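K.L.:
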């Protein structure tokens, strides 16, 4: 499953890092430009990422943050991917693979056996990416139950 290209390493990132904030803002902007209303995006702010103790990782290319993603560990051995984003110029280069691999390993090492996520129904490339990494579509859960634009997915990796 590790499709990350050699040399791409996902490492912990502080949510307040200016480059991380810029990528989080870019994600929010991309979703808005994609036709999603604010109430359909469910994005965590920097404060929410910190409050929820989301483990945030990023990949740097040529010294610049090219992508980031997080996982929130929840009760019952569940982890939820949060704020997964790769700058457009780095898509298809292995950055996303490095991010998801690091998040899966982190969640697995923390004893999480089920990873889930929510993405938008217009995010076809994201849905295909998650499928490639073992995620399958499931019924909408939690805050996404009544969101007509939400696609929820999950994957089981087995806890240690």
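Numbering (this note's numbering), first residue to last: 379 to 538.
C-beta: ideal position from N, C-alpha, C; glycine also.
Remember, predicted model here, so these are calculated numbers, not experimental data.
Could you tell me the distance, in whole angstroms, from the CA atom of residue 412 to the CA atom of residue 522?
P.N.:
As a working note, residue 412 is residue 34 in the chain shown. As a working note, residue 522 is residue 144 in the chain shown. Going from the Cα of residue 412 to the Cα of residue 522 covers about 18 Å.
K.L.:
Please report how far the alpha carbon of residue 508 lies from the alpha carbon of residue 495, in whole angstroms.
P.N.:
Taking the chain shown and counting its residues from 1, one reaches residue 508 at position 130. Taking the chain shown and counting its residues from 1, one reaches residue 495 at position 117. Each residue's Cα considered, the two are about 9 Å apart.
K.L.:
If you draw a straight line from the C-alpha of residue 514 to the C-alpha of residue 463, how long is it?
P.N.:
Position 136 of the chain shown holds residue 514. Position 85 of the chain shown holds residue 463. Approximately 19 Å, taken between the alpha carbons.
K.L.:
Buried or exposed: where does residue 389 fall if 16 or more other Cβ atoms within 10 Å of its Cβ makes it buried?
P.N.:
In the chain shown, residue 389 corresponds to position 11, counting from 1. Exposed, because fewer than 16 other Cβ atoms sit within 10 Å of the Cβ of residue 389.
K.L.:
Counting beta carbon pairs with one atom in the stretch 485–504 and one in the stretch 387–407, are three or more of them shorter than 8 Å?
P.N.:
Verdict: no, contact absent.
K.L.:
Measure how close the beta-carbons of residue 448 and residue 461 come, nearest whole angstrom, since I'm counting them as under 8 Å.
P.N.:
On the chain shown, position 70 is the one that residue 448 refers to. On the chain shown, position 83 is the one that residue 461 refers to. That pair is a contact at about 5 Å.
K.L.:
Just to confirm before moving on: does the CB-CB distance between residue 450 and residue 437 stay below 7 Å?
P.N.:
Position 72 of the chain shown holds residue 450. Position 59 of the chain shown holds residue 437. Cβ atoms of residue 450 and residue 437: not closer than 7 Å.
K.L.:
Look at the Cβ atom of residue 482, then the Cβ atom of residue 422, and state whether they are nearer than 7 Å.
P.N.:
Indexing the chain shown from 1 puts residue 482 at position 104. Indexing the chain shown from 1 puts residue 422 at position 44. Not in contact: residue 482 and residue 422 (Cβ atoms no closer than 7 Å).
K.L.:
In terms of residues, what are the limits of the beta strand (DSSP E) holding residue 510?
P.N.:
Numbered from 1 along the chain shown, position 132 holds the residue referred to as residue 510. Note, residue 510: premise wrong, no beta strand (DSSP E); alpha helix (DSSP H) at 502–510.
K.L.:
Less than 6 Å between C-beta atoms, sequence neighbours within five positions excluded: which residues of the same chain meet that for residue 465?
P.N.:
In the chain shown, the residue the question calls residue 465 occupies position 87. Hits under 6 Å: 444.
K.L.:
Is residue 331 near residue 446, with beta carbons less than 7 Å apart?
P.N.:
This structure leaves residue 331 out entirely; the chain is present only between 379 and 538.
K.L.:
In three-state DSSP terms, what is residue 380?
P.N.:
Here residue 380 refers to the residue found at position 2 of the chain shown. Low confidence applies to residue 380: its pLDDT is 46, below 50, so where it sits in the model is not reliable, and the reading given next is rough at best. Coil, per DSSP.
K.L.:
Quick one: grab the DSSP three-state call for residue 446.
P.N.:
Here residue 446 corresponds to residue number 68 of the chain shown, with the count starting at 1. It is a strand residue.
K.L.:
Per DSSP, which residues does residue 388 bridge with? Please list them.
P.N.:
Position 10 of the chain shown, counted from the start, is the residue given in the question as residue 388. Partner(s): 437.
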